[in-house]
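Here's the structure we're looking at; comments come further down.
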Amino acid sequence: MFFAMLSVVFPYKKVVLCFLLPGHSHNIADRVIAWCRGATRKMNIYTPSLAVDEVNKVKSVHGVFLNHNDPSHPFYVGWGDLLDKYFKAPPACYTANYLFEIDQGVCTARKTVDTPDENAIVFEMVDPNSTDSIRKAVIKGLFDQAVSTIWEASVRNVQLPRHQTKELTEKKMKSLSAKYFSIPPQHLHYYPSVPDAVANAPVQSADQTDETTTTPSNPKSKRKPGRPRKQKNKLKPNQPSILQFFSPAKQ
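Under UniProt numbering, the sequence shown has 90 at position 90, and the numbering climbs by one with no breaks.
Listed below in structure tokens is the structure:
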């Protein structure tokens with residue numbers, strides 16, 4: 001319904017959604033995720049901005065951190081209540097298609113991009129005879145009274161409720177506070193309720209860190225991947241076999 005709203009309220013010729021077919025991870029979207037995971041593997045990342053910096057080192061990747069707590073980048077909720085007033089939900093089994101073309105609230109769904117018109121399904125998500133009135137009603141519900149057309153609207157005029165900050169549970173805070181001592185001081189500002197003893201602790205130099213860090217004399221070898229092999233029990237000298245307890249059948 002959200003994309004049907006875009007096709008009605010905004011002056012788009014058509015809103016097109018193309019989803020990838022399920023299958024092997026050769027899809028470019030899955031490959032990009034694998035690249036980003038590889039770039040951040042075995043790294044200590046303390047803030048989202050650090051994660052973005054590392055991900056952006058990957059070729060053709062341009063990551064952005066969307067902080068909904070930032071007043072200049074608000075994150076609004078309550079779209080469902082607004083859209084339910086003016087738009088119809090798609091029919092059942094519409095997810096069997098992967099290409100959707102929405103024009104003024106009328107959607108044409110196809111299995112693939114080369115599906116002919118006779119095999120496509122068409123359904124209306126809005127009354128075609130009430131497009132103009134619905135456009136005005138949605139704009140009025142989204143923005144304040146001073147906005148009459150979409151050309152006059154901006155993010156500052158949106159009247160939807162903002163996303164509330166999710167408070168951490170007491171159990172999560174207790175688990176997080178145990179890790180404060182391992183977080184560098186320059187990144188502690190991102191975390192809530194940092195104890196003064198941790199925030200005001202002196203910063204150790206690299207030489208002091210090397211002196212306090214000791215390497216065990218006999219470090220354990222890293223376990224090989226896979227199922228561990230069981231060691232067979234060796235027979236002790238003169239240990240009787242279990243077969244000796246069974247006498248052969250008498251003739």
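Beta carbons: idealized from backbone N, C-alpha and C, even for Gly.
Judged by beta-carbon spacing, Ala92 lies beyond the 8 Å limit of Thr108, meaning their Cβ atoms are not closer than that value.
Taking 8 Å as the cut-off, the Cβ atoms of Val106 and Met5 do not count as close. About 6 Å separates the beta carbons of Phe3 and Leu17, which is inside the 8 Å limit, making them a contact pair.
Lys111 places its beta carbon 8 Å or farther from that of Tyr94.
For Arg156, there is no enclosing alpha helix (DSSP H), since its DSSP letter is neither H nor E. Residues Phe2, Leu160 of the same chain have their beta carbon placed closer than 8 Å to that of Trp79, with the five preceding and five following residues left out of the count.
In the three-state reduction of the DSSP assignment, Ile121 falls in the strand class, which pools E and B. For Asn157, the closest alpha carbon among the candidates Ser60, Pro237, Asp132, Leu142 is that of Leu142. Here the alpha carbons of Lys85 and Asn129 stand approximately 16 Å from one another.
With contacts defined by Cβ atoms closer than 8 Å, Lys88 and Val126 form a contacting pair. Looking at the DSSP output, Ala109 shares a beta bridge with Phe100, Ile121. DSSP places Arg31 in the helix class (H, G or I) of the three-state scheme. By the criterion of at least three beta-carbon pairs nearer than 8 Å, the region 182-193 is in contact with the region 44-63. The beta carbon of Thr165 sits closer than 7 Å to those of Asn69, all from its chain and outside the five residues before and after it, given in chain order. Rounded to the nearest angstrom, the Cβ distance from Val9 to Ile150 is 6 Å, consistent with a contact under 8 Å. When DSSP states are grouped into helix, strand and coil, Arg37 belongs to the helix group. As the crow flies, the alpha-carbon of Pro237 is around 33 Å from that of Lys224. Check the Cα spacing between Phe123 and each of Gln231, Asp144, Arg31, Asp103: the tightest is with Asp103. Leu188: not part of any alpha helix (DSSP H); DSSP gives it neither H nor E.
Pairing Cys36 with Val15 gives a Cβ-Cβ distance that is not under 8 Å. A straight line joining the alpha-carbon of Leu176 with that of Glu101 spans about 46 Å. Relative to the Cα of Ser7, the nearest Cα in the group Ile134, Val32, Val52 belongs to Ile134. Going by C-alpha positions, Gly38 is about 29 Å away from His73.
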